[in-house]
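J.:
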Amino acid sequence: MQANKKIAILGTGNIGSALAKGLGKSGQFNKADIYLTRRTIEKLEPFKKEGFRITADNGMAVKNSDTIILCVEPHQAEGVMQEIASILEPKRHILISVVSGLSIAQIQKQINKPINIIRAMPNTAIQIGESMTCLAGLQSGEKSLQTAESIFSAVGETLIIKEEQMAGATSLGACGIAFFLRAIRAASQGGIEIGFHAEDALKIAAHTARGAASLLTSFSSHPESEIDRVTTPRGCTISGLNQMEHAGFSSAMIKGIKISADKADQLYKDENNR
Numbered sequence: 002m003q004a005n006k007k008i009a010i011l012g013t014g015n016i017g018s019a020l021a022k023g024l025g026k027s028g029q030f031n032k033a034d035i036y037l038t039r040r041t042i043e044k045l046e047p048f049k050k051e052g053f054r055i056t057a058d059n060g061m062a063v064k065n066s067d068t069i070i071l072c073v074e075p076h077q078a079e080g081v082m083q084e085i086a087s088i089l090e091p092k093r094h095i096l097i098s099v100v101s102g103l104s105i106a107q108i109q110k111q112i113n114k115p116i117n118i119i120r121a122m123p124n125t126a127i128q129i130g131e132s133m134t135c136l137a138g139l140q141s142g143e144k145s146l147q148t149a150e151s152i153f154s155a156v157g158e159t160l161i162i163k164e165e166q167m168a169g170a171t172s173l174g175a176c177g178i179a180f181f182l183r184a185i186r187a188a189s190q191g192g193i194e195i196g197f198h199a200e201d202a203l204k205i206a207a208h209t210a211r212g213a214a215s216l217l218t219s220f221s222s223h224p225e226s227e228i229d230r231v232t233t234p235r236g237c238t239i240s241g242l243n244q245m246e247h248a249g250f251s252s253a254m255i256k257g258i259k260i261s262a263d264k265a266d267q268l269y270k271d272e273n274n275r
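Going by my numbering, the first residue of the sequence shown is number 2, and it counts up by one from there.
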């Protein structure tokens, strides 16, 4: 249990809720030390019953916490930063932002205090302790980066990257959950086409995808080396793979990730220029 480390999650929507659930399930944090905020506070009642502290008052949550995790939508970020700026204490608080497209420099400008700021990009698998979270910070905030790493390592894997790579991390890691889920859905639809009931096709597809990912993470191998183990001359696997490639499978995935990253880089700017 990480003692004396109180956390405030400002904006407990989809990703904030997933983070709270993951931290709670990890067993490394006391739920009573985690403050959750949301405008519609009644939606947080299930968390209150589990032992989390809930409030609609961001300022109160900040005053009672050491680490602040900003989980609001890009168009809400500026207002929340203005709300909490006067309360933040440079020697006490660490501010972790999960807001897509919001740079450390932009946060510093809004806060106007020498607060240690970290950017984090998890994904929704954080609620089951399986997130891939990318973290970025300034060199002067190495201790704060370690704190952020200790929080997100409790709910999955972490990787420290350069800040300019955060848009890419948003696309590949956060949006990537949806991309891989769509691939699993497509595989299950193929399963129905060849005679499986929908629930059986989905179960086969999902567990096969899980097995494929586990092979790579367990052996640190390259996808092609594992593919080579499955394909045989004139076999059914290579026939299926080649048909998918002829239809543009890899190209479509690459293009989707690229355009998603471009959008992520502009998201905060677009939301605040409306």
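Glycine is no exception: its CB is placed at the ideal position from the N, C-alpha and C atoms.
A quick note: this is a predicted structure, and the numbers were derived from the prediction, not measured.
Could you pull out every unbroken beta strand (DSSP E) segment of at least 3 residues lying fully inside the stretch 86-160, listed in chain order?
T.: 95-98, 117-122 and 132-138
J.: Would you list the residues sitting across from residue 54 in a DSSP beta bridge?
T.: Reading the sequence shown from its first residue, position 53 is the one you call residue 54. Paired residues: 36.
J.: Roughly how many whole angstroms lie between the Cα atoms of residue 4 and residue 148?
T.: Taking the first residue of the sequence shown as position 1, residue 4 is located at position 3. Taking the first residue of the sequence shown as position 1, residue 148 is located at position 147. Confidence is the limiting factor: at residue 4 the pLDDT is only 45, short of 50, which leaves the residue's position unreliable and the question unanswerable from this model.
J.: Once you ignore the five residues that flank residue 24 on each side, which residues in its own chain have a CB closer than 7 Å to its CB?
T.: The residue given as residue 24 occupies position 23 in the sequence shown. 30, 35, 155 and 156, listed in sequence order.
J.: Return the CA-CA distance between residue 246 and residue 172, expressed in angstroms with no decimal places.
T.: Looking up residue 246 in the sequence shown gives position 245. Looking up residue 172 in the sequence shown gives position 171. Looking at the two C-alpha atoms, the distance is approximately 22 Å.
J.: Near residue 39, what residues of its chain come up, given a Cβ to Cβ distance below 6 Å and the 5 sequence neighbours on each side ignored?
T.: For the purposes of this step, residue 39 is identified with residue 38 of the sequence shown, where counting begins at 1. Once the five neighbours on either side are set aside, the close Cβ partners of residue 39 are 13 and 45.
J.: So what does residue 10 bridge to, in DSSP terms?
T.: By one-based count along the sequence shown, residue 10 stands at place 9. Note: residue 10 sits in a beta bridge opposite 37 and 70.
J.: For residue 193 versus residue 207, is the C-beta distance shorter than 7 Å?
T.: To locate residue 193, count along the sequence shown from 1; it is residue 192. To locate residue 207, count along the sequence shown from 1; it is residue 206. Not closer than 7 Å, so no.
J.: Which of the three DSSP states, helix, strand or coil, is assigned to residue 162?
T.: Here the question's residue 162 lines up with position 161 in the sequence shown. Here residue 162 sits in coil by DSSP.
J.: Please classify residue 124 as buried or exposed, where buried requires at least 16 other C-beta atoms within 10 Å of its C-beta.
T.: Working through the sequence shown from its first residue, we reach residue 124 at position 123. Looking at its Cβ environment, which holds 16 or more other Cβ atoms inside 10 Å, residue 124 is buried.
J.: Tell me which same chain residues have a C-beta within less than 7 Å of the C-beta of residue 198, skipping the five on either side of it?
T.: By 1-based counting over the sequence shown, the position of residue 198 is 197. By the criterion of a C-beta distance shorter than 7 Å, residue 198 is surrounded by no residue of its chain, once the five residues flanking it on both sides are discounted.
J.: Buried or exposed: residue 217, going by 16 or more other Cβ atoms within 10 Å of its Cβ?
T.: Stepping through the sequence shown from its first residue, residue 217 is reached at position 216. When all chains shown are included, residue 217 counts as exposed.
J.: By the three-class DSSP mapping on this structure, what secondary structure does residue 30 have?
T.: Here the question's residue 30 lines up with position 29 in the sequence shown. Residue 30: coil per DSSP, three-state reduction.
J.: Excluding five sequence neighbours on each side, which residues of the same chain lie with their C-beta closer than 8 Å to the C-beta of residue 88?
T.: Numbered from its first residue, the sequence shown carries residue 88 at position 87. If we look at residue 88 and ignore the five residues flanking it on each side, its Cβ neighbours are 60, 63 and 64.
J.: Exposed or buried, what is residue 93 when buried is set at 16 or more other beta-carbons lying within 10 Å of its beta-carbon?
T.: Here residue 93 refers to the residue found at position 92 of the sequence shown. Exposed, since its Cβ has fewer than 16 Cβ neighbours within 10 Å.
J.: Roughly how many angstroms separate the alpha carbons of residue 262 and residue 15, rounded to a whole number?
T.: Indexing the sequence shown from 1 puts residue 262 at position 261. Indexing the sequence shown from 1 puts residue 15 at position 14. Cα to Cα, the separation comes out at about 20 Å.
J.: Alpha carbon to alpha carbon, what distance is there between residue 134 and residue 76?
T.: For the purposes of this step, residue 76 is taken as residue 75 along the sequence shown, with counting starting at 1. For the purposes of this step, residue 134 is taken as residue 133 along the sequence shown, with counting starting at 1. Cα to Cα, residue 76 sits roughly 22 Å from residue 134.
J.: Where does residue 235 fall in DSSP's three states?
T.: On the sequence shown, residue 235 is found 234 positions in, with the first residue counted as 1. The answer is coil: DSSP assigns residue 235 none of H, G, I, E or B.
J.: Within a Cβ cutoff of 7 Å, which residues of the same chain sit near residue 265, ignoring the five residues on either side of it in sequence?
T.: The residue you call residue 265 lines up with position 264 of the sequence shown. Cβ neighbours of residue 265 beyond the five flanking positions: 101, 102, 168, 171 and 172.
J.: Assuming residue 181 and residue 137 form a contact by the criterion Cβ under 8 Å, report the distance between their Cβ atoms to the nearest whole angstrom.
T.: Locating residue 181 in the sequence shown gives position 180, counting from the first residue. Locating residue 137 in the sequence shown gives position 136, counting from the first residue. Going by Cβ atoms, the distance from residue 181 to residue 137 rounds to 23 Å, so no, they are not a contact pair.
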